[in-house]
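The listed protein sequences derive, respectively, from chains A and B.
For the first sequence, the residue numbers in this note's numbering are 995 to 1159.
For the second sequence, the residue numbers in this note's numbering are 995 to 1159.
The beta carbon of each residue, even a glycine, is placed where N, CA and C say it ideally should be.
These notes are about the structure you will find just below.
There are 2 protein chains.
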Amino acid sequence: MKIGKGVEWAAHACAVLALLPPGAALSRECLADYLGVPPPYLAKQLQALSRAGLVLTQRGAAGGYQLARDAETISLWDITAALEGTAPRFRCTEIRRNGPCGASSAECPAPCDIAAAFQQAESVYRETLAAVPLTQVVAGATAVATDGRKQRIGDWIQQNASGLS
Amino acid sequence: MKIGKGVEWAAHACAVLALLPPGAALSRECLADYLGVPPPYLAKQLQALSRAGLVLTQRGAAGGYQLARDAETISLWDITAALEGTAPRFRCTEIRRNGPCGASSAECPAPCDIAAAFQQAESVYRETLAAVPLTQVVAGATAVATDGRKQRIGDWIQQNASGLS
DNA sequence: TTAATTGCGGATAATATATATCCTAATTAA
DNA sequence: TTAATTAGGATATATATTATCCGCAATTAA
C-alpha cells in the first residue's frame, strides 16, 4: 500500500543530474554522497532508471550517469513508473462472479463500478504526476536556495562531475 | 505499493449490505458465502469497517452486519480509508536536507515540489473515490443483472438475512 | 598491454507488510 | 441456560521492501 522510498531517491537523483552541464556525468558514489543515502541500494534505483531509458550510463573510469533527455520531458510519473512499474495497484479478482448468486460471463461485459472507479482514480493520480516535469522540481528547489548554497552546489559539481569541458 | 485485496472484499460486502431491507442484517458466514471468500479473513475487514463506523454489528444469536448509514453517504474512499488507513502513501524523508549541500531549516519552509506533487496526486485519487457512493456501485451491478439473477439474489436475502419483518 | 575505475546483474539476507487461520471472551436472542 | 454470533488477540505463512555484497563486463588512462 506504500510507495517505495526508492521513488523519492530516484526523483532527487534525477533532479541533481538535471543540474549538470550537457555531457557531464556523476558516478553513483558521488550521487549517493550528495543525497546522503546508502550507495549500494541507490545503485538499484539508478539501474531501474537506466532500464527505463531515463538516464544514460557510461561505464569505466570517469563514467557515471546523466539524463537521457531534456529535463523538460522527464516527469515524476516517468520516474515512478520506472521504479514501481505500471501495474494497477488495485487488483480486481472479479468477486461478482463468486458465490451462489454469482454473475454469468454474459453479465460482465465491462469491469464493475468498483474496479472502474479505482482505475479512474489511478488514472488521475498518474496524470497529476505526469504534469510535473523535472524542470519544475529543479526550479522549485532553486527558488528557495540561498545564494551561498547555490555557490556550494556549483562548486561541488565542478569538483565531482566528469566530462566537464 | 499494492492495495490490499481486503478493500475489494469490503467494497463488495458493503454493496451486498446495501441491498438489505432497513433493519435487516447478515452474519459474516452468510456474507463470506455470498462473496465466495474465506470467512475468517473477511471477518477482519468487517471489524475494520465496524471500527470506522461504516457498519453496525449485532452480536449474539440472529446478529450480523448492516450499514451504519444510508448507502448514498458511504463512498469507496470511506471504505478504502477504513481498510488501508489515511496515511500518505508517499513518504518524504527530506532528502534535500542531506549531504554536503543539504538545505538548512530556513530554506525548507514548505514541502519540496516532489513531495507536494505526490500529495496533490493522492488528493485527486482520494477525491475520485470519494465521488463514488455505494448507491452508484449497486446501481451499476443491478443494471447488468438478468431478471432471473435479481430474483435469485432477492430469494437468497430472504433466506439468509435476519431481522426481516 | 596492463591496471584502475565504474556500472550491471545475480545472489543473499533482514525486515516489514499482507494474507490467512484459529481460539477465547463477550454478547444476546430464544 | 443454551446456542449463535461477533470482537480481539495470537499465530503462521507468503510476499514485498529494504539493504548489501560479489563477480563480470566495459571503459579509460598509463
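- A contact between stretches requires three or more CB pairs, one per stretch, nearer than 8 angstroms, and the stretch 997 to 1008 of chain B fails this requirement with the stretch 1061 to 1075 of chain A.
- For A/Gly1093, the residues of chain B that pass the 7 angstroms Cβ criterion are Asp1027, Tyr1028, Leu1029, Gly1030, in the order they occur in the chain.
- In this chain, A/Thr1087 is not harboured by any alpha helix (DSSP H), its DSSP state being neither H nor E.
- Chain-order list of chain B residues neighbouring A/Val1049: empty, with the shortest C-beta distance near 17 angstroms, by a criterion of under 8 angstroms.
- With contact defined as three or more Cβ pairs closer than 8 angstroms, the stretch 1125 to 1143 of chain B and the stretch 1088 to 1096 of chain B are not in contact.
- Take the alpha-carbon of A/Arg1146 and the one of A/Pro1034: they are about 26 angstroms apart.
- Of the other Cβ atoms in all chains shown, 16 or more fall within 10 Å of the Cβ of A/Thr1122; this residue is therefore buried.
- Our two residues, A/Val1131 and A/Glu1002, have alpha carbons roughly 12 angstroms apart in a direct line.
- Against chain A, the CB of B/Ala1115 has a partner CB under 7 angstroms away; the residue lies at that interface.
- DSSP places B/Val1049 inside the beta strand (DSSP E), whose first and last residues are 1049 to 1052.
- The alpha-carbon separation between B/Gln1153 and A/Arg1083 amounts to approximately 37 angstroms.
- Approximately 14 angstroms separates the beta-carbon atoms of A/Leu1128 and A/Tyr1059; this is outside 8 angstroms, ruling out the contact.
- Among the residues facing chain B, A/Lys996 is included, as its CB has a counterpart in that chain under 7 angstroms away.
- A buried status is given to A/Ala1111, since no fewer than 16 other beta-carbon atoms sit within 10 Å of its beta-carbon.
- In the structure shown, B/Pro1127 falls within a strand segment according to DSSP collapsed to helix, strand and coil.
- Sequence-distant Cβ neighbours of A/Leu1158 in its own chain, meaning closer than 6 angstroms and more than five residues away, are Ala1018.
- Around the C-beta of B/Arg1022, 16 or more other C-beta atoms lie within 10 Å, and the residue is accordingly described as buried.
- Your pair A/Leu1048 and A/Ile1068 checks out as a contact, with CB atoms roughly 6 angstroms apart and the cut at 8 angstroms.
- The three-state reading of DSSP puts B/Gly1017 in coil, since its state is none of H, G, I, E or B.
- Interface with chain B (7 angstroms Cβ-Cβ cutoff): A/Arg1045 is excluded.
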